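Residue numbers (my numbering), protein chains in the order written: chain L, 131 to 177; chain C, 67 to 259.
Every residue gets a Cβ at the ideal spot worked out from N, C-alpha and C, and that includes glycine.
Just so you know, these numbers come straight off a predicted model, no measurement behind them.
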């Protein structure tokens, strides 16, 4: 039982880490495309 | 935002493809993530912070500096599938912006398709329009073929004008997230057979 709980805790920790990594990659890519791209969008005028 | 739509579409395609294949989703393993945050900071300050106003010269300098750093980040990750396409887009946008006072040129005709004619009346030629664009006649634009000259189709939810560089950036981002065969797996790394 203790082993199962340990395994479960380890899996949850791993999933969280993987999710965090995936989110970081997506945020980074979003900043990359927004930063490097230069489209003029509707409603983007004003500054 | 058309570029974020490409990102979302790529992620969706990658997830659907991975599920179809019965494999876990493989996201690209980007290196030097800190650099993209540092690179984005200058343009975040000059464009997205509402209460701060900078001169056009300073804004252009910050934009170009930011793009050079973003290019560096992309170059360091050039082995990731899709990144070479994105690098081409970054280079094209940088070239046309650097050649046109640090901003992306757009003609009054193209801008008139995106913003209302009344708003456009308040923007003289040579002035900034939108966060990164500058209103220039085609004959006054260097590398006019790299300017914001394409328009989203009428059925697209939001109207936008975009450049050839933006097309490459969108394709590269889509490819990066959609292609399941990225070199290193983020998910289930080490547990794959």
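Contact set between residue i and chain L, taken where Cβ atoms lie within less than 7 Å
i, result
"residue 183 of chain C", "None at all; the shortest Cβ gap to chain L is about 12 Å."
"residue 94 of chain C", "155"
"residue 198 of chain C", "168"
For residue i, the nearest candidate out of the options (CA to CA)
i, options, result
"residue 238 of chain C", "C:104, C:146, C:200, C:113", "C:146"
"residue 165 of chain L", "C:117, C:215, C:132", "C:132"
"residue 168 of chain L", "C:104, C:188, C:113", "C:113"
Pairwise C-alpha distance: residue j and residue i
i, j, result
"residue 181 of chain C", "residue 211 of chain C", "21 Å"
"residue 162 of chain L", "residue 205 of chain C", "31 Å"
"residue 157 of chain C", "residue 201 of chain C", "21 Å"
"residue 224 of chain C", "residue 67 of chain C", "8 Å"
"residue 81 of chain C", "residue 161 of chain C", "34 Å"
"residue 86 of chain C", "residue 75 of chain C", "16 Å"
"residue 173 of chain C", "residue 70 of chain C", "24 Å"
"residue 249 of chain C", "residue 203 of chain C", "Confidence at residue 249 of chain C is low in this model, with a pLDDT of 45, below 50, so its placement is unreliable and no value can be given for it."
Under 8 Å from the C-beta of residue i: neighbouring residues of chain C
i, result
"residue 135 of chain L", "Going along chain C, no residue has its Cβ under 8 Å from residue 135 of chain L, so there is no contact; the nearest lies around 20 Å."
Residue range of the unbroken beta strand (DSSP E) whose run includes residue i
i, result
"residue 201 of chain C", "199 to 201"
"residue 228 of chain C", "226 to 228"
DSSP beta-bridge partners of residue i
i, result
"residue 214 of chain C", "C:172"
Limits of the unbroken alpha helix (DSSP H) element including residue i
i, result
"residue 157 of chain C", "149 to 164"
"residue 143 of chain C", "No alpha helix (DSSP H) contains residue 143 of chain C, which DSSP labels as neither H nor E."
"residue 185 of chain C", "183 to 187"
Within chain C, the residues that residue i reaches when beta carbons sit closer than 9 Å
i, result
"residue 212 of chain L", "Outside the shown range of chain L (131 to 177) lies residue 212 of chain L, about which nothing can therefore be said."
Under 9 Å by beta carbon: chain L residues contacting residue i
i, result
"residue 227 of chain C", "169, 170, 171"
Chain L contact residues for residue i, given Cβ-Cβ distances below 8 Å
i, result
"residue 133 of chain C", "165, 166"
"residue 130 of chain C", "What residue 130 of chain C touches in chain L: nothing, since even the nearest Cβ is about 11 Å away."
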